[in-house]
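Here's the structure, in structure tokens; my notes come after.
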């Protein structure tokens, strides 16, 4: 009985040991399989970093106004007798636009002119009598004073009569008439608007940090959107005071408007062109990734360089990073080997200005580096990659941009 029990116990130990041993063997085999399993390289597009000529631009938003533009009103009360313009007419400086009823003023002026002529005759007689020694000095002085008073009265009534006329203060384009014939108008009632559309101006503001970039005469581009800037101008005025509430600096630029498409009150995009700078390191915006730890890019380098760097530092590269070089080769050995000989290294950078879809890199990479511009979402530090620039998002919207 004891012998049978011992035999059964031995068999049970053998079976359990076999099961445990099989499980350990299986787990080790699976672990070795995944450890030595080839890592497929990730397709990425790249951009070779080269020093460029950087033309920084200062972007802002502005409001267009006419270089000369006013809302016209009459100087005195009266009934509108004539409207001598139509909407959008080109008028010249001094041209009569509106005439008010001036019958009373004309009659007063004629009476004053008659009195002035009578006083002039009396003065002439007084002078003649004085020369003959008949008239007195007092009579002559009274006649001269009367004539001067009459002359002043004529000038005054002529000015009152002129107030019944609304004239163009400068040449430009007249707006829609806001009055009708027979309407009673008073000073302050807007009659129409007059705008000189040949030369426009734009008022815009920039952050106080960019205040030193504003200079009188600096070229400025304008457009209705940021992609098309057909209008050119120059800065003509800079407000010397920064608004303490908004921390913005105001400036004014003059715009040529030959086609007349810009209208007063219109919104425009403003781009101040700053002096060019040489040997600037810049990459496409798609190459820069922002994280909680900072901004970084992926730089593509040969896997041999990464291994050499790890050996020089006294460390061994991870198996996952070495795996691509030792992995089984697909149907085209040479092509696959070329793909798997490259890795993407994560490099933190210090970024600067942005312009035209590019980002200035102050620190982190140098000329000759090849940075990834697409495919970063599948990368980790040390991932195997191969370059495919068939689709390069860094070229989007940048015709003629140089990318490799």
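Residue numbers (the numbering used here): 6 to 409. No residue lacks a Cβ here, since even glycine has one placed at the ideal position from N, Cα and C.
Do residue 195 and residue 183 have their C-beta atoms within less than 9 Å of each other?
-> Yes.
Give me the Cα-Cα distance between residue 54 and residue 302, rounded to the nearest whole angstrom.
-> Distance from the CA of residue 54 to the CA of residue 302, rounded to the nearest whole angstrom, comes to 12 Å.
Excluding sequence positions up to five away, which residues of its chain have a Cβ less than 6 Å from the Cβ of residue 28?
-> So the list is empty, once near-sequence residues are dropped.
Within the chosen definition, does the stretch 169 to 187 reach the stretch 226 to 240 through at least 3 CB pairs nearer than 8 Å?
-> By the Cβ criterion, the stretch 169 to 187 is not in contact with the stretch 226 to 240, since fewer than three pairs of Cβ atoms, one from each stretch, lie closer than 8 Å.
With a threshold of 16 other CB atoms inside 10 Å of the CB of residue 105, please say whether the residue is buried or exposed.
-> Classification for residue 105: buried.
Which two residues bound the contiguous beta strand (DSSP E) that contains residue 229?
-> For residue 229, there is no enclosing beta strand (DSSP E), since its DSSP letter is neither H nor E.
Pick from 275, 305, 202, 232 that is closest to residue 67, judged by C-alpha positions = Nearest to residue 67 by C-alpha distance, out of 275, 305, 202, 232, is 275.
With 16 as the cutoff for other CB atoms within 10 Å, does residue 210 come out buried or exposed?
-> Label assigned to residue 210: buried.
Ignore the nearest five residues each way along the sequence and tell me which others in residue 367's own chain have a CB closer than 6 Å to its CB.
-> Excluding positions up to five away in sequence, the list reads 355, 357.
Figure out for me which residue from 146, 9, 72 has the closest Cα to the Cα of residue 201.
-> Looking from the CA of residue 201, the closest CA among 146, 9, 72 belongs to 72.
Buried or exposed (CB count within 10 angstroms, at least 16 for buried), residue 101 | Around the beta carbon of residue 101, fewer than 16 other beta carbons sit within 10 angstroms, so the residue counts as exposed.
Would you kindly work out how many angstroms separate the C-alpha atoms of residue 216 and residue 272, rounded to a whole number?
-> Cα-Cα distance, rounded: 22 Å.
For the stretch 125 to 140 and the stretch 162 to 169, state whether three or more C-beta atom pairs, one from each stretch, are separated by less than 8 Å.
-> They do not touch, by the three-pair rule.
Buried or exposed: residue 186, going by 16 or more other Cβ atoms within 10 Å of its Cβ?
-> With fewer than 16 other Cβ atoms within 10 Å, it is exposed.
Taking the C-alpha atoms as reference points, what is the distance between residue 85 and residue 168?
-> When the Cα atoms are used, residue 85 and residue 168 turn out to be separated by approximately 12 Å.
Cβ-Cβ separation, residue 92 to residue 180 (assumed contact under 8 Å), whole Å | Approximately 6 Å separates the beta-carbon atoms of residue 180 and residue 92; this is inside 8 Å, confirming the contact.
Given residue 17, which residues of its chain have a CB within under 7 Å of its CB, disregarding the five upstream and five downstream residues?
-> Take residue 17, set aside five residues on each side of it, and no residue of its chain has a beta-carbon closer than 7 Å to its own.
Going by DSSP, what residues sit across from residue 360 in a beta bridge?
-> Paired residues: 363.
Residue closest to residue 362, alpha-carbon to alpha-carbon, out of 90, 246, 292, 75 = Distances from the CA of residue 362 to each of 90, 246, 292, 75 were compared; the closest alpha carbon is that of 292.
Report, in whole angstroms, the separation of the C-beta atoms of residue 348 and residue 389, which I expect to be a contact under 8 Å.
-> That pair is a contact at about 6 Å.
When the Cα atoms are used, what is the spatial distance from residue 7 to residue 15?
-> Cα to Cα, residue 7 sits roughly 12 Å from residue 15.
Would you kindly work out how many angstroms separate the C-alpha atoms of residue 380 and residue 47, rounded to a whole number?
-> One C-alpha to the other measures close to 8 Å.
Under the rule that 16 or more other beta-carbon atoms within 10 Å means buried, what is residue 377, buried or exposed?
-> Buried is the call here.
Can you tell me whether residue 133 is buried or exposed, with buried defined as 16 or more other CB within 10 angstroms of its CB?
-> Counting every other CB atom within 10 Å of its CB across the protein chains shown gives residue 133 a total below 16, marking it as exposed.
Around the Cβ of residue 375, are there at least 16 other Cβ atoms within 10 angstroms (buried) or fewer (exposed)?
-> Its Cβ being crowded by 16 or more others within 10 Å, residue 375 is buried.
Would DSSP call residue 16 helix, strand or coil?
-> It is helical.
Start-to-end residues for the beta strand (DSSP E) that takes in residue 283 = Residues 282 to 285.
Would you mind working out which of 288, 294, 395 sits nearest residue 371, comparing C-alpha positions?
-> The shortest Cα separation from residue 371 among 288, 294, 395 belongs to 288.
Selected residue, minimal CA-CA separation from residue 285, among 22, 61, 263, 125 | For residue 285, the nearest C-alpha among the options comes from 61.
Residues bridged to residue 59 (per DSSP) | Answer is 282.
Considering residue 254, what are the terminal residues of the beta strand (DSSP E) in which it resides?
-> Following the DSSP letters along the chain, one finds residue 254 inside the beta strand (DSSP E) bounded by residues 253 to 261.
Residue burial classification, residue 83 (beta-carbon count within 10 angstroms, cutoff 16) = Result: buried.
Does the distance from the C-beta atom of residue 282 to that of residue 254 stay below 9 Å?
-> Not a contact, by the Cβ cut-off of 9 Å.
What runs of the beta strand (DSSP E), each 3 residues or longer, lie entirely inside the stretch 125 to 186?
-> Here the runs fully enclosed are 170 to 172, 177 to 179.
Continuous beta strand (DSSP E) stretch holding residue 298: start and end | Element bounds for residue 298: n/a, residue is neither H nor E.
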